[in-house]
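The block underneath contains the structure these notes are about, expressed in structure tokens.
Residue numbers (this note's numbering), protein chains in the order written: chain X, -5 to 210; chain D, 11 to 274.
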């Protein structure tokens, strides 16, 4: 049994690399899109605020699996054919973006209005106020839910296997298909996912402590 | 009315400014001039529009009609007179010319005392790190906090925080300093140290417009006092005239009587 697993390891490693690649893409893209749209939701003009609000509420109300199938099987109906890999990344990114928007809104909303006013009063422009006054303070509140969301992204990336993409999950299933050793391989898979996410939450806790000097 | 404001060109010229929040009119055609080097205090019952007026002067609040000029330049709207809001960059540049000190201090909690002062100097005035630091240290010295340069706001007392707030505002060398009830959030024993700083700035010729409930301070430090009631200017004059118990202005007399009853 162990020899079989050892034999499968390079194959699993490839799947694991793909899992990390998908997760990284989703996390980075959703961070950029979510922060931009989140700023739009908090500070934008009414039409933009409404648009972001509708986007976020809609996306968060749909199961992620439905979203993924919709992007892969549904969008071709309007002429948008995405390869399975990018359809999966797009679906997961949309889902995560909606979450990042809410984290950002919560974090920025927790900063007292006086902070923006004081920053305005010394003549900082909107971007400068965000960069030097609002974001540094909001960061500490943004971080814990966001890191949580990153671990969710790593776990959620297992769904891409349902579009036939050979990530860690799919690799495990394929090895099981050859060896009929389900239990040890699922345990191995669980351990790998756990190791990644546990490392992330440790990093998160260290970061939080580093920024804990910012008191209310 | 005092004559001093009409002889010299006004640094701050507020003309017929009106503003409503929904159905409530908070400013009713307010006009007010502050000459260079003058200290003008605004008093009045709560809800009379004092703070709103102050916030309009650096355009933290917009207003519906009228004009506010500092050194001849319209504050929030383009000079064309079309009531077109200035661009973000323009507004920021205009606001850098007015200093503001807040009731709730509003220090940046993630920056040290020196860092609070340096931020505007670095990012708005474009000064080097070293230059900004030395200016910050100079002003911290002026407000008696040279030894607290590297303390975070949370490590300072209320009075110390407010003195940093003042230093942060004046370090930008504003044309006019706006003080919005800056001692109202302080424990009584800390009020004196903050007022002493304001007094020394006044002696240096800093132009100031302040809202305060410290009548004794208003009497001693101001060139003129403006009494506001129901969103309008009800009386303007030198402290002696305004704070005299025998004033004929009914509203002012009621305000002062109430004020004396609650404070003494």
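For glycine and all other residues, C-beta sits at the position ideal for the given N, C-alpha and C.
- When Cβ-Cβ separations below 9 Å define contact, residue 62 of chain D makes no contact with chain X.
- Beta-bridge pairing by DSSP links residue 84 of chain D to D:79.
- In the three-state scheme derived from DSSP, where H, G and I count as helix and E and B as strand, residue 116 of chain X is classed as coil.
- For residue 194 of chain D, same chain residues with a beta-carbon under 7 Å away, outside a window of 5 residues either side, are 113 and 223 in chain order.
- Boundaries of the alpha helix (DSSP H) harbouring residue 60 of chain D: 60 to 67, taken from the DSSP string.
- Taking a beta-carbon distance threshold of 9 Å, residue 118 of chain X counts as an interface residue toward chain D.
- Sequence-distant partners of residue 137 of chain X (beyond 5 residues in either direction) whose C-beta falls short of 8 Å from its own C-beta, in its chain, are 198, 201, 202 and 205.
- In this model, residue 189 of chain X and residue 23 of chain X are separated by some 23 Å (Cα to Cα).
- Spanning the alpha carbons of residue 169 of chain X and residue 2 of chain X requires a straight line of approximately 7 Å.
- Secondary structure at residue 216 of chain D: coil, using DSSP grouped into helix, strand and coil.
- Closest in C-alpha terms to residue 139 of chain X, from the list X:78, X:-2, X:75 and X:92, comes X:92.
- Counting along the chain, no beta strand (DSSP E) covers residue 6 of chain X; the unbroken alpha helix (DSSP H) around it starts and ends at -4 to 37.
- Three or more Cβ pairs closer than 8 Å define a contact, and the stretch 232 to 244 of chain D meets that threshold against the stretch 32 to 42 of chain D.
- For residue 36 of chain D, no CB of chain X lies under 9 Å from its own CB, so it is not counted at the interface with that chain.
- DSSP places residue 43 of chain D in no alpha helix (DSSP H) but in the uninterrupted beta strand (DSSP E) bounded by 34 to 45.
- A distance of 9 Å or more separates the beta carbons of residue 64 of chain X and residue 72 of chain X.
- In the DSSP assignment, residue 96 of chain D falls outside any alpha helix (DSSP H), carrying neither H nor E.
- With three or more CB-CB distances shorter than 8 Å, the stretch 227 to 234 of chain D counts as touching the stretch 248 to 259 of chain D.
- The continuous alpha helix (DSSP H) containing residue 46 of chain X extends over residues 40 to 54.
- Taking C-beta atoms as the reference points, residue 212 of chain D and residue 49 of chain D count as a pair closer than 9 Å.
- At a cut-off of 9 Å between beta carbons, residue 112 of chain D contacts chain X.
- Distance from the CA atom of residue 218 of chain D to the CA atom of residue 14 of chain X, rounded to whole angstroms, is 60 Å.
- The C-beta of residue 183 of chain D comes no closer than 9 Å to any C-beta of chain X.
- When 7 Å is used as the limit between beta carbons, residue 99 of chain D is near these residues of chain X: 119, in chain order.
- The beta carbon of residue 26 of chain D sits closer than 8 Å to those of 39, 40, 41, 75, 76 and 77, all from its chain and outside the five residues before and after it, given in chain order.
- Judged by DSSP secondary structure, residue 49 of chain D falls outside any alpha helix (DSSP H) and instead within the beta strand (DSSP E) spanning 49 to 53.
- Taken atom to atom, the span from the alpha-carbon of residue 108 of chain D to that of residue 110 of chain X is near 16 Å.
- By DSSP's assignment, residue 235 of chain D forms a beta bridge with D:51 and D:247.
- Bridge partners of residue 110 of chain D according to DSSP: D:188.
- When 9 Å is used as the limit between beta carbons, residue 118 of chain D is near these residues of chain X: 109, 112, 113, 126, 127, 130 and 131, in chain order.
- In the three-state DSSP reduction, residue 21 of chain D falls in the strand class (E or B).
- Close CB contacts of residue 89 of chain D within its chain, under the 8 Å cut and outside five residues either way in sequence, are with 83 (chain order).
- For residue 57 of chain X, there is no enclosing alpha helix (DSSP H), since its DSSP letter is neither H nor E.
- Residue 50 of chain X is positioned such that its CB atom lies no closer than 9 Å to that of residue 147 of chain X.
- Here residue 117 of chain D has 126, 163, 171, 174 and 175 as same chain residues with Cβ atoms under 7 Å from its own Cβ, once five neighbours each way along the sequence are excluded.
- Distance from the CA of residue 206 of chain D to the CA of residue 87 of chain X, rounded to the nearest whole angstrom, comes to 57 Å.
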